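Residue 20 is where the sequence shown starts when you use our numbering, and the numbers rise one by one after that.
Cβ atoms here follow ideal geometry from the backbone N, Cα and C, with glycine treated the same way.
Predicted model, so just to flag it, every value in this text is computed and none were measured.
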Amino acid sequence: MLNPQPEKTFIRNKAAQVFALLFVTEYLTKWPKFFFDILSVVDLNPRGVDLYLRILMAIDSELVDRDVVHSSEEARRNTLIKDTMREQCIPSLVESWYQILQNYQYTNSEVTCQCLEVVGAYVSWIDLSLIANDRFINMLLGHMSIEVLREEACDCLFEIVNKGMDPVDKMKLVESLCRVLQTAGFFSIDQEEDVDFLARFSKLVNGMGQSLIVSWTKLIKNGDIKNAQEALQAIETKVALMLQLLIHEDDDISSNIIGFCYDYLHILKQLTVLSDQQKTNVEAIMLAVMKKLTYDEEYNFENEGEDEAMFVEYRKQLKLLLDRLAQVSPELLLASVRRVFSSTLQNWQTTRFMEVEVAIRLLYMLAEALPVSHGAHFSGDVSKASALQDMMRTLVTSGVSSYQHTSVTLEFFETVVRYEKFFTVEPQYIPCVLMAFLDHRGLRHSSAKVRSRTAYLFSRFVKSLNKQMNPFIEDILNRIQDLLALSPPGWLSGSSVEHLPSKHEDPSSNPSATKNINKENGYQSLLSSDDQLFIYETAGVLVVNSEYPAERKQALMRNLLTPLMEKFKILLEKLMLAQDEERQASLADCLNHAVGFASRTSKAFSNKQTVKQCGCSEVYLDCLQTFLPALSCPLQKDILRSGVRTFLHRMIICLEEEVLPFIPSASEHMLKDCEAKDLQEFIPLINQITAKFKIQVSPFLQQMFMPLLHAIFKVLLRPAEENDQSAALEKQMLRRSYFAFLQTVTGSGMSEVIANQGAENVEQVLVTIIQGAVDYPDPIAQKTCFIILSKLVELWGGKDGPVGFADFVYKHIVPACFLAPLKQTFDLADAQTVLALSECAVTLKTIHLKRGPECVQYLQQEYLPSLQVAPEIIQEFCQALQQPDAKVFKNYLKVFFQRAKP
20 MLNPQPEKTF IRNKAAQVFA LLFVTEYLTK WPKFFFDILS VVDLNPRGVD LYLRILMAID
80 SELVDRDVVH SSEEARRNTL IKDTMREQCI PSLVESWYQI LQNYQYTNSE VTCQCLEVVG
140 AYVSWIDLSL IANDRFINML LGHMSIEVLR EEACDCLFEI VNKGMDPVDK MKLVESLCRV
200 LQTAGFFSID QEEDVDFLAR FSKLVNGMGQ SLIVSWTKLI KNGDIKNAQE ALQAIETKVA
260 LMLQLLIHED DDISSNIIGF CYDYLHILKQ LTVLSDQQKT NVEAIMLAVM KKLTYDEEYN
320 FENEGEDEAM FVEYRKQLKL LLDRLAQVSP ELLLASVRRV FSSTLQNWQT TRFMEVEVAI
380 RLLYMLAEAL PVSHGAHFSG DVSKASALQD MMRTLVTSGV SSYQHTSVTL EFFETVVRYE
440 KFFTVEPQYI PCVLMAFLDH RGLRHSSAKV RSRTAYLFSR FVKSLNKQMN PFIEDILNRI
500 QDLLALSPPG WLSGSSVEHL PSKHEDPSSN PSATKNINKE NGYQSLLSSD DQLFIYETAG
560 VLVVNSEYPA ERKQALMRNL LTPLMEKFKI LLEKLMLAQD EERQASLADC LNHAVGFASR
620 TSKAFSNKQT VKQCGCSEVY LDCLQTFLPA LSCPLQKDIL RSGVRTFLHR MIICLEEEVL
680 PFIPSASEHM LKDCEAKDLQ EFIPLINQIT AKFKIQVSPF LQQMFMPLLH AIFKVLLRPA
740 EENDQSAALE KQMLRRSYFA FLQTVTGSGM SEVIANQGAE NVEQVLVTII QGAVDYPDPI
800 AQKTCFIILS KLVELWGGKD GPVGFADFVY KHIVPACFLA PLKQTFDLAD AQTVLALSEC
860 AVTLKTIHLK RGPECVQYLQ QEYLPSLQVA PEIIQEFCQA LQQPDAKVFK NYLKVFFQRA
920 KP
């Protein structure tokens, strides 16, 4: 404090933190005069005051900051500190703040602003009357007129207004503040040019408005109608100011008042009748929302940054307001949107893009603002249905889909898809919308962003209207033919544009105009491989849902998939010969896309029945025979296996048992040279087959059971660096997959698959399950292990079970049920662990069910005494185990282990 040069800010902050930590540890016991000692040293020296205020903020942060997670003990300590401060020193601190504000308000704005921040922070937990009194409030209002102080003064007043208090007192406080602010001219928004101050002021008005609404709500609840009426009157007098702030051109100012606006509409929603003034207010809010939804000229659609992200968030807030307006007056909202929409679309060619976009956007938003079940906007309420129908008719016939701005184009397609039910009512408009999707307005647009989004929306449009698509199927399939072409290796990406047609250029007249150029061989494509997935899915849906006979469907599906198979064979040969690793990777990517596209076409089928009905089984079996050789390719194994595995998952659903002949050799290849991740992804495939086909795949499972286990154990036993967390996590996930596999086998009635592996192998498997239940601190795996043990006891634990299994139950399974929960890592406060304990209880109950009194006798006379459990607790445990209600024992077991652990 005495140095000629002030310390750097970070040093002052660190010093304040040290003092704050010292305060929280020493104040209650050794240093009750902490503040008085600090104040006596500080006096009114500016540097001393600066440190004092920083210490106060650091203390508030330690005691009150909700972002800091405190233990229950720390929370109790903090409450005690605050109570003691309120009793002993808060009035003195408040007095010191007043003196600081008075002394420095004209000479040191930095210290004054710091002090205002302290007052704002502490007001939430000290007696409000110490601050909300004439001398303090008058001083703060004075600061509102000093340019360097007014933003901080605004925030301080906001904190005072936000403080919880009696509703009538709060109403009086807010009203008195408003009167003074209005008299001082602060309500004249249009004369204020400082947007930073206005943003703070908007937040203050929002706080005052919401405080009055909270008061109104409490008074209504308490039945105090007279004061509630006064509160409502007070709210109404703020609406004009609220509207001025809501419509302000600066979005931060507008955004800060939305909470008050939203809550005001909530009040109106609860009133049975609205006055003329309230109806006018609703309309004014509606117009403000429509205006503020509009993009400004500066919005960068090509390279969206932070400002654009903030506007998107702001738009979401406005959408909530629109939804609330719909609840207050749906007819008014519909009429207002219709008026704006119709007048804008009449002259869309001469209207700025942002106005056209917002007109279509409002129609789009009506779908959620006026909710109906299953999108049935065009039935039921006749006036609403006809208004929406009229707007949709205008949208699709006006030609606005040709507007030369991406935001308008995207909004057009989004709205068409959102109101797809319109086309079931008026199917005559389907062709013109399909053309918009398929030509330069949609899938052939000059913007990669539009093409990509359109691919997804087109897929949705076709799927939702598949019954109306029959007349257009052949035409659509022909028009999307070039979009289905598999991009060869070396393809850059769907977004790098070489040359694209102008809006008025016919793509068919200049084929090269619509394409992106491949760096290696001049190949051209419009869509990225991710976008093409949607086009393949759409093609599949069109074929499968068509009214064509099965032979025609089969022929169309062959036309779709044969080029993929032919390309796949050529590319696989090229990959086998490729030397360069980058070349190998791009070929493997390409092969993977081919498999992915074929997989995606199968999404049109719900099950084997639909595949058979369409006569498509054969073409998918051909695909399988084409793709499976990729599993034996020694290069780029990860990506190739991943694609083929996904295809197999789909084929198990689509072809069912027809897929089984391919599984053994596929599995053999996938188990060669595999890593943890490969196995993790392979096991779900085996689980799917096991659960679906059960006894049918028993011979196959018996044959591949031990090879699979050996592959798993080999990976799990590989040494890894002690601190290699990713390797440890991979092993943990593989362990979980292994136990999930055993659970599927035992749960599908296939325990003989394990039993037939020979005594030594069976024992090894059983030991791993016990280890999983006890040794690894992973509650998800432990739960699975106890489920497996329960199932095995249920199947094998009776008198006619396999030789030696009863011994295994008593030597290993029963101890596992105690050793696992007794471990320090078994945290009974963790939800997953509690589920594991629940399965542990089921295991013990199952043992008792299968072994009867013998099990109780073993626990009473041998096992529990060996753990030094007191006789009365043993008695209690055995009684709980014998209760018929399993829930009683589950609850008891939790208490038992809570008592047993130190």
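Euclidean distance between Cα positions of residue i and residue j
i      : j      : result
Lys191 : Ser361 : 47 Å
Asp213 : Leu854 : 59 Å
Tyr555 : Thr620 : 6 Å
Val37  : Arg31  : 10 Å
Ile682 : Arg755 : 23 Å
Tyr117 : Val60  : 18 Å
Leu168 : Gln201 : 19 Å
His162 : Gln124 : 8 Å
Pro568 : Asp494 : 18 Å
Lys440 : Ser405 : 13 Å
Leu728 : Leu690 : 10 Å
Val914 : Ala889 : 15 Å
Neighbour-count burial assignment, residue i, 16 or more Cβ in a 10 Å radius
i      : result
Glu170 : buried
Asn300 : buried
Thr126 : exposed
Lys311 : buried
Pro186 : buried
Val142 : buried
Asp608 : buried
Val469 : buried
Ser548 : buried
Arg219 : buried
Ile832 : buried
Asn775 : exposed
Asn540 : Here the model assigns Asn540 a pLDDT of 46, short of 50, so the residue's position is not dependable, and the following value carries that caveat. Under this definition Asn540 is an exposed residue.
Ile892 : exposed
Glu325 : exposed
Gln297 : buried
Thr803 : buried
Gly817 : exposed
Lys52  : exposed
Residues of its chain near residue i, where Cβ-Cβ distance is below 8 Å and the 5 sequence neighbours each way are ignored
i      : result
Pro652 : The sequence as given places Cys at residue 652; Pro does not occur at that position. Leu591, Leu594, Met595, Leu659.
Pro648 : Leu591
Ala747 : Ala739
Minimum Cβ-Cβ distance from residue i to chain B less than 8 Å
i      : result
Val233 : Protein chain content of the structure displayed is limited to a single chain, and chain B is not contained in it.
Within 8 Å, strictly: CB atoms of residue i and residue j
i      : j      : result
Leu414 : Thr443 : no
Ile100 : Tyr46  : yes
Ser234 : Ala250 : yes
Gly228 : Glu178 : no
Leu674 : Val630 : yes
Cys173 : Leu231 : no
Val180 : Val199 : no
Lys482 : Val560 : yes
Cys635 : Lys711 : no
Phe837 : Leu886 : yes
Met410 : Arg358 : no
Val734 : Ala695 : yes
Leu502 : Leu546 : yes
Check: residue i C-beta below 7 Å from any heavy atom of the ligand NAP
i      : result
Gln721 : This structure simply doesn't include the ligand NAP, nor any ligand for that matter.
Nonlocal neighbours in the same chain, by C-beta distance under 6 Å from residue i, ignoring five residues either side
i      : result
Leu149 : Val113
Tyr542 : Caution is warranted here: a pLDDT of 49 is assigned to Tyr542, below 50, making its placement in the model unreliable, and the coordinate value is therefore given only provisionally. Here the set comprises Pro507.
Own chain partners of residue i with C-beta closer than 7 Å, once the 5 adjacent residues on each side are dropped
i      : result
Ala919 : Leu841
Cys134 : Leu72, Trp116, Ile119, Leu120
Ser565 : Asn489, Ile492, Lys572
Check: Between the stretch 286 to 304 and the stretch 339 to 346, are three or more C-beta pairs nearer than 8 Å?
Finding: yes
Notebook entry, point to check: Does the stretch 455 to 469 touch the stretch 420 to 429, meaning 3 or more C-beta pairs lie closer than 8 Å?
Noted result: yes
Next item on the list: Give a yes or no on contact between the stretch 481 to 492 and the stretch 436 to 450, applying the rule of three or more CB pairs nearer than 8 Å.
Entry: yes
Notebook entry, point to check: Does the count of Cβ pairs from the stretch 781 to 801 and the stretch 749 to 765 closer than 8 Å reach three?
Noted result: yes
Notebook entry, point to check: Is there contact here, the stretch 330 to 337 with the stretch 386 to 406, by at least three beta-carbon pairs under 8 Å?
Noted result: no
Margin query: Can you confirm whether the stretch 902 to 910 touches the stretch 857 to 875 when touching is taken to mean that 3 or more C-beta pairs between the two stretches lie within less than 8 Å?
Written below: yes
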